[in-house]
Amino acid sequence: MFGFRDIEIIRAIVRHGGFRAASDGLGLAQSAISRRVRHLEDRMKIAIFERDGRGVRLTAEGRRLCDEAELLVAQRDRILEELTQNVMAGVVRLGVAETMTHTVLPRMLTALRARHPELRFEISVETSEQMGMLLAQDGLDVAIMLRDQAPRGIAMTPLPPVSLGWFGSPAHFAVPQPAGIDVLAGLPIVSFPKRTIPHRQVVQLLSSGRRMPVAVHGSASLATALHLVSQGFGIGTIPHDIVRSWPHAGLEEIAVRPEARLPDLEFAICHDPDRNEKIGRAVTRAAVEAAD
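For what it's worth, the UniProt record's numbering labels the leading residue of the sequence shown as 1, then goes sequentially.
Laid out in structure tokens, this is it:
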């Protein structure tokens, strides 16, 4: 309906107080300016200016157009400045494994906000399997996920390993320690969601040599798992960092025999280098610093 040149002409007419003065300021013929405004009014089917013997003034519709146009011009100027001065801005679609939301994520986002205040984040808490598919399909820009489930062709920077432990509520379970696999397999267990690597590792560890696999309850929410364990539903396989950040849960680590120890979780920052190299490097830097 109208372009930035139309907006500039209208602004010049208002600023200079008339068509003739605006023509001098813009270096255009007065007839050209009048024709441009008339064609714009015809296209929009509104009157932009009221003309009288003393000059011109904006109509109500003209004032509304000018007010809204100022916002558009400001947006245009901001975008040009960001592009030409290499300012990082826009929305970042960030996928995060829940383990990282309680540890690395807050520090990482705080650092990114300080360095790039024009960035906005849309955060999705997903399983690593789901994040791998979303990265491959351009549904995410950056993901903090388990390394083993990153899709091919993805740029990946490892983070420090996250250690897991066996935890329980002393008020509900008196577990002989150090506990072996047979003891643990006889207790109700809360772990990571079914079909995730940590869940499969727990099932394989406890089911080895048994006729029937051990029943392991899966929870997609670490907060839910903490509450279940603290209330005596079962014992849990939980990252040490998470338990330390929730001291009010009242959980204590269960000492286990060497064969019952859980492998560390190996996370990484992942992004597609062809689509998101710039933002991927910025998020990776902040995540690595936050994990130290």
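For each residue, glycine too, the CB sits at the ideal point set by N, CA and C.
Remember, it's a predicted structure, so these values are computed and weren't measured experimentally.
THR99 and GLY250 have their C-alpha atoms roughly 19 Å apart. Per DSSP, reduced to three states, the secondary structure at HIS240 is helical.
Membership of GLU122 in the beta strand (DSSP E) is indicated by the continuous run 119-125. When beta bridges are read from the DSSP output, ALA268 appears opposite MET145 and PRO158. Ranked by how close their Cα comes to the Cα of THR224, the residues TRP246, LEU206 and ALA215 have TRP246 in first place. According to the DSSP assignment, SER128 belongs to the alpha helix (DSSP H) that extends over 128-136. DSSP links ALA179 through a beta bridge to VAL256.
The Cβ atoms of ASP272 and ASP138 lie closer than 9 Å to each other.
Straight across, the Cα-Cα distance linking ALA185 with ARG147 is about 28 Å. Annotation: the continuous beta strand (DSSP E) that includes PHE167 extends over 164-168. Look at the beta carbons and you see the region 179-198 touching the region 224-235: at least three pairs across the two are nearer than 8 Å. Listed in chain order, the non-local C-beta contacts of ARG257 below 8 Å within the same chain comprise PRO178, ALA179, GLY180 and ILE181, local neighbours out to five positions each way being set aside. One thing to note: ALA47 has its Cβ within 9 Å of the Cβ of GLU61.
A contact is defined here as three or more CB-CB pairs under 8 Å, and the region 28-45 meets this definition with respect to the region 3-11. Note on PRO198: 16 or more other CB atoms within 10 angstroms of its CB, so buried under the neighbour-count rule. ILE269 counts as buried, since no fewer than 16 other beta carbons sit within 10 angstroms of its beta carbon.
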